[in-house]
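One structure is given here, and the rest of the page talks about it.
Right under this line is the structure:
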């Protein structure tokens, strides 16, 4: 420390210059966070695989919607206005690839206009980045939607953009509130105008330098970043930096009060409080550094705080002692005394219970915490919309869709099937319907839209039983037609008989009679056996004989007009017979294909040849196939809110159904992935849960090793970490009661438990270090364990309570941010810090410590002062 004080000006000026230069040239951390996005799932996640499949096929277009709310049921004037809007949106540019006019046809109107005819959707497909999508949305708002119309533009990209905006606005509010709050608290604690500027200057330099370094690391090394990065840097650096400054300034004041001159007081301060600060800083650094082992980028983004802690320690050991040396006693002007170093009457009183009656003290803590722990059920919410509330237009649009069409219709689950072979074929598509039928049986599924059911209802004509019914009707028609032909031949036979027997007409009449008998037998056989192939053969033979009779009759001569009429009748009968034969041939071919088709046996569906080439089927193929027919899209509309925990459970059931249903089918080797917000949330639930567990284990083990080395004990780290775990679970139980049971949210936001745990444990460990390091210092003087703990509590109580209040205040500054997850994290940390500082730390830690007595330093033993 003497060396630092000797070279104070070069060190301080150099650090300031580096801070200013890096701040001016560093990339914009805010824009880096926006670019990184909200979720940042790995490529292995199903939702990302679905997006990648579509992107590789050139199908990565995004869909947004204009949601129109009408005061009354849809009118012709409304229809004209909506058509005009659809045309104007189409004309916005090449970025808009398609616009569905909701009133263009009855089919579209049935899908895009609500049942009460008051809510209308105009779906818009946009080929572009999230930034371009949001620009199109802004253009629609400002130039196309009439001022007298209630309409909103919404979509997943727009909602995510609003979440980012809300986060950045919340960050700005948090920064201002934090600085004002800290200044006010320090002013109250030290009763000095000068003292608050020391922490603010130190933390200000730290924040600017840390932010610049993190921004460079993001560009250079792909450092993780998210919307949480800057906010956590602000809250933690200002909070913990102020705490550390209070620790240093309090001890510095004690040293000055003891009569030491300024430089010696500074040296003594850093030998004692500086050591405590270093242990605390290293513990916090390790805690946040361990987050780097997480796989989920959003979780890893908090590792930036470790950079901030390292910079903070550098500043506290360079700039702060220089300020102490320069300001001397004026650092506390105009106050002659400082409340921060006074003995704590509260903790002195609490020590009578925890030190003298440890078992009672432990029972008191259990009485307070256990009932709260029993209420905790780990209810998590994945509702991004709750993050920003209903004031944003994108959310209003989503709510309007939910009210008009149902919650599931707003954001369906996409099932993406991709293969190296063509899937859009008559043989393959029935397996899509087989999946649809399986999905229909799953709880939470309302309907499915895909190739076989474009409007959500199955195309009945694709079912074999329906087709067999149509074939049966066709055979009935064929039999009726044969009966009519038989009647006609009977009339011709009668006509020939009436014309006399000259010229062989009698023989012709006899031949027709014989053929008519054959026709009757054939018709009877078709009716009895249904043997279409045999019938076709017989009819072909009869037709050939009729053709010969017709030629013979034409050459027989006779009454010109009468014979001509009989000849024409015979030709018409033969033509009718040929048509029936052709129709029965088609039936026979179709039945043969049915009998040979694997898909018919396995799915009960049959798509006749040529169906997919039909013009009426083209829009269906365009919407639900991709990659030149090698890919199929399915939309699963859920009965629950797409953001709800129930929707996540439904997606899990869909995945399990696909896994079992495709076995032994042509889809077994296909790539199948799930897209949509419910699928994204399903992936988030799986990844965040496993990552949380793994990272927590790494973090706790790292803390244990550091604390064991620092305190030369394996007992102290155990109950220090255990007390923090107790505090965390009690705090999150209270937060769950507030946000779920009182405020009515689905639960705690999915990222909150992770960040709440990391913040509370990494920061709360400081206070146990403050207390137990002072306890170590007192015990080394040879006093009893009980006396050492009693003195430590009396001396450190005010410092710890003040530090906890200030740190809680900096996190409390997140509350006005308006971002739900930040408010919940702040609630957990604030509740936890106050619970730890006022109950757990003064009652539980001393009680356990004195219960172990000298064994608390097991297995290394206490190091005595020389």
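Numbering (the working numbering), first residue to last: -8 to 857. Beta carbons: idealized from backbone N, C-alpha and C, even for Gly.
**Study point:** Check whether residue 105 and residue 388 have beta carbons under 8 Å apart
**Key:** no
Check your understanding: Beta carbon of residue 158, beta carbon of residue 107: below 8 Å?
Key -> no
Practice item. Tell me whether residue 236 is buried or exposed, calling it buried when 16 or more other Cβ atoms sit within 10 Å of its Cβ. Key: buried
**Study point:** Under the three-state DSSP convention, the category residue 626 falls into
**Key:** strand
Check your understanding: Where do the ends of the beta strand (DSSP E) carrying residue 88 lie?
Key -> 87 to 90
Review point. Can you round the beta-carbon distance between residue 762 and residue 791 to whole angstroms, since I take them to be within the 8 Å contact cut?
Key: 7 Å
Review point. Per DSSP, what kind of secondary structure is residue 264 in: helix, strand or coil?
Key: helix
Exercise for review: Within the same chain, show all residues whose beta-carbon is closer than 6 Å to that of residue 187, passing over the 5 residues directly before and after it, in chain order.
Suggested key: 174, 177 and 178
Check your understanding: With 16 as the cutoff for other CB atoms within 10 Å, does residue 155 come out buried or exposed?
Key -> buried
Review point. Comparing alpha-carbon positions, which option in 657, 633, 688 and 699 lies nearest residue 670?
Key: 633
Check your understanding: When you compare only the Cα positions, how much space is there between residue 167 and residue 222?
Key -> 12 Å
**Study point:** residue 234 classed as buried or exposed, judged by whether at least 16 other C-beta atoms fall within 10 angstroms
**Key:** buried
Point to revise | Identity of the residues DSSP links to residue 3 by a beta bridge | key: Per DSSP, none; premise fails for residue 3.
Point to revise | residue 346 Cβ short of 7 Å to the ligand MG heavy atom set | key: The ligand content of the structure shown is nil, which means the ligand MG is not present either.
Check your understanding: Per DSSP, what kind of secondary structure is residue 382 in: helix, strand or coil?
Key -> coil
Review point. Ends of the alpha helix (DSSP H) at residue 756?
Key: 743 to 770
Check your understanding: Any idea which residues DSSP pairs residue 436 with across the strands?
Key -> 629
Review point. When we look at the beta-carbon of residue 338 and count the other beta-carbons within 10 Å, is it buried (16 or more) or exposed?
Key: buried
**Study point:** Residue closest to residue 800, alpha-carbon to alpha-carbon, out of 746, 734, 225 and 418
**Key:** 225
**Study point:** Unbroken alpha helix (DSSP H) run spanning residue 39, endpoints
**Key:** 37 to 47
Review point. Do you know offhand how far residue 608's Cα is from residue 624's?
Key: 15 Å
Review point. When the Cβ atoms of the stretch 816 to 826 are set against those of the stretch 667 to 683, are three or more pairs found closer than 8 Å?
Key: no
Review point. Rounded to a whole number of angstroms, what is the C-alpha to C-alpha distance between residue 164 and residue 426?
Key: 50 Å
Review point. Which residue comes first and which comes last in the alpha helix (DSSP H) that contains residue 60?
Key: Element bounds for residue 60: not the alpha helix (DSSP H) but the beta strand (DSSP E), 53 to 60.
Review point. Any idea what DSSP makes of residue 634, helix, strand or coil?
Key: coil
Review point. Which runs of the alpha helix (DSSP H) spanning at least 4 residues fall entirely within the stretch 206 to 264, listed in chain order?
Key: 218 to 248
Practice item. Could you tell me if residue 348 is buried or exposed, where buried requires 16 or more neighbouring beta carbons within 10 angstroms of its beta carbon? Key: exposed
Practice item. Answer yes or no: do residue 837 and residue 750 have a C-beta to C-beta separation smaller than 8 Å? Key: no
Exercise for review: For residue 833, count neighbouring C-beta atoms within 10 Å of its own C-beta (all shown protein chains included) and say buried if the count is 16 or more, exposed if not.
Suggested key: buried
Check your understanding: Should residue 23 and residue 277 be called a contact, given that it needs their Cβ atoms to be closer than 8 Å?
Key -> no
Review point. Would the beta-carbon of residue 193 fall within 8 Å of that of residue 306?
Key: yes
Review point. Assuming residue 137 contacts residue 419 under a Cβ cut-off of 8 Å, what Cβ separation, rounded to an integer in Å, is found between them?
Key: Between residue 419 and residue 137 the Cβ distance is about 46 Å, and since that is not below 8 Å, they are no contact.
Review point. In chain order, which beta strand (DSSP E) runs of at least 3 residues are fully inside the stretch 112 to 189?
Key: 141 to 145
Check your understanding: Of all the options 60, 408, 249 and 26, which has the alpha carbon lying nearest to the alpha carbon of residue 151?
Key -> 26
**Study point:** residue 295 beta carbon less than 8 Å from that of residue 689
**Key:** no
Exercise for review: List the endpoints of the continuous alpha helix (DSSP H) containing residue 662.
Suggested key: Where residue 662 is concerned, there is no enclosing alpha helix (DSSP H), although the beta strand (DSSP E) it sits in stretches over 662 to 666.
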